[in-house]
Amino acid sequence: MTSSPPLAAAAPSGAAPAQQQLHPVDPHTVALFIVIFGTVAAFILNYKLFLFQIDGKIAWTVFEAVSFFGFIYFHLSSPLHQFNPATVAFFAMWFTHYFHRSFIYTYNSPAIKPTNFTVTVFAMTFNTANAYINGLASAAVPASRVASPFFYLGVAVFFFGMYINVSSDYKLFALRRKKRADAAKSDAKTAAAGGGGDYFIPYGGFFDYVSCANYLGEMVEWCGWSIALGHYAGWVFAYFTITNLGPRAFSTHAWYKQSLGT
Numbered sequence: 076m077t078s079s080p081p082l083a084a085a086a087p088s089g090a091a092p093a094q095q096q097l098h099p100v101d102p103h104t105v106a107l108f109i110v111i112f113g114t115v116a117a118f119i120l121n122y123k124l125f126l127f128q129i130d131g132k133i134a135w136t137v138f139e140a141v142s143f144f145g146f147i148y149f150h151l152s153s154p155l156h157q158f159n160p161a162t163v164a165f166f167a168m169w170f171t172h173y174f175h176r177s178f179i180y181t182y183n184s185p186a187i188k189p190t191n192f193t194v195t196v197f198a199m200t201f202n203t204a205n206a207y208i209n210g211l212a213s214a215a216v217p218a219s220r221v222a223s224p225f226f227y228l229g230v231a232v233f234f235f236g237m238y239i240n241v242s243s244d245y246k247l248f249a250l251r252r253k254k255r256a257d258a259a260k261s262d263a264k265t266a267a268a269g270g271g272g273d274y275f276i277p278y279g280g281f282f283d284y285v286s287c288a289n290y291l292g293e294m295v296e297w298c299g300w301s302i303a304l305g306h307y308a309g310w311v312f313a314y315f316t317i318t319n320l321g322p323r324a325f326s327t328h329a330w331y332k333q334s335l336g337t
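Right, dumping it as structure tokens:
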């Protein structure tokens, strides 16, 4: 795999230290952010230091739109931005994912549970930092990146993961609508016996293979981005995605087995 594209331009000989970096971002800064952010987030989530709840669709749109608009700004405004097939491809990949997640997904979702304010703020914080480092890294990718087999492998993995993620999300939407329609038709006795509610084992598509196919798709998607980009910024994002969605997937699978008997 090729080395990471630079996030800073080389300074002329004799330049002042403050002028040596156009963007003060390096792997040490990102690693420190991960440690501090992860520690604080774990503390707050563990001790349930939450504030008030806000509408789920509003919260989702806001914190996902931070990734969408933030990346566009940081990518296009970077002094190191190069216009070539590789940078156009990365811009298109991010744009496609986050336009869907910010606007189309939330519009088509039957419902999104209310989200507490603390989680929303943490999501916005991470998404801003993530859009920053990935926007800068993808803007500085040289045209020669398209000559690497890792670029094509990563792009293929990204879109395969996106297909799993999106198709599984819409499979869930359809199953939830069907479940609610069936519950609405059932009489009170049937509903009291367990005929109503939103909880069920997803089936069909990739759910026939894994319990949380939508989570799996997103993890695969950002691993593909990382492979294609060949930069630590991509792997930081993949790491966060896996450490966030992986435990949730295992927890959901365990809950299915315990509560729904499968």
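For the numbering used here, add 75 to where a residue sits in the sequence shown, where the first one is 1.
Ideal Cβ positions, reconstructed from N, Cα and C, are used throughout, including at glycine.
Fair warning: this is a prediction, and the values are worked out from it, not measured in the lab.
- Taking 8 Å as the cut-off, the beta carbon of Gly-280 is found no closer than this to the beta carbon of Asn-202.
- Taken through DSSP and simplified to helix, strand or coil, Asn-159 comes out as coil.
- Annotation for Phe-275: no alpha helix (DSSP H) segment contains it, and DSSP assigns it neither H nor E.
- The three-state secondary structure of Ile-317, taken from DSSP, is helix.
- Distances from the CA of Ser-153 to each of Gly-210, Ala-256 and Lys-254 were compared; the closest alpha carbon is that of Gly-210.
- Bounds of the alpha helix (DSSP H) holding Cys-298 are 288–304.
- Separation of the CB atoms of Thr-327 and Ser-286 is rounded to 6 Å, and the pair is thereby assigned contact status at 8 Å.
- No residue range can be given for Tyr-284, since it is assigned to no alpha helix (DSSP H) and is classified by DSSP as neither H nor E.
- For Ala-214 and Gly-131, the gap between their C-alpha atoms comes out near 32 Å.
- Judged by their CB atoms, Phe-275 and Trp-297 are not nearer to each other than the 8 Å cut-off.
- Here the C-alpha atom of His-175 lies approximately 32 Å from the C-alpha atom of Lys-332.
- Within the stretch 119–203, complete alpha helix (DSSP H) segments of at least 4 residues are found at 131–152, 160–174 and 180–183, given in chain order.
- Only residues of its own chain outside the window of five on either side were considered, and among them Tyr-245 and Phe-248 have a CB closer than 8 Å to the CB of Asn-183, listed in chain order.
- The C-alpha of Ala-329 is placed about 40 Å away from the C-alpha of His-150.
- At least 8 Å separates the beta-carbon of Met-199 from that of Val-241.
- Pairing Ile-133 with Tyr-290, the inter-Cα distance amounts to about 21 Å.
- Excluding residues up to 5 positions away in sequence, Ala-214, Ala-215, Val-216, Pro-217 and Ala-218 lie with their Cβ nearer than 8 Å to the Cβ of Gln-157 in the same chain.
- Residue nearest to His-306 within the set Phe-143, Phe-165 and Phe-127 is Phe-165 (criterion: CA-CA distance).
- In terms of CA proximity to Glu-293, Phe-235 leads the group Phe-235, Phe-226, Leu-304 and Tyr-227.
- Going by C-alpha positions, Ser-177 is about 33 Å away from Lys-260.
- In terms of CA proximity to Gly-299, Thr-316 leads the group Asp-283, Thr-316, Ile-147 and Ile-129.
- Note on geometry: alpha-carbon atoms of Leu-250 and Asn-205 lie some 33 Å from one another.
- Residue Ala-303 holds the alpha-carbon nearest to the alpha-carbon of Pro-224 among Trp-135, Phe-143, Ala-303 and Val-196.
- In the three-state reduction of the DSSP assignment, Ala-256 falls in the helix class, which pools H, G and I.
- With a cutoff of 8 Å on beta-carbon distance, Ile-129 and Thr-190 are scored as near each other.
- Judged by DSSP in its simplified three-state form, Ser-243 adopts helix.
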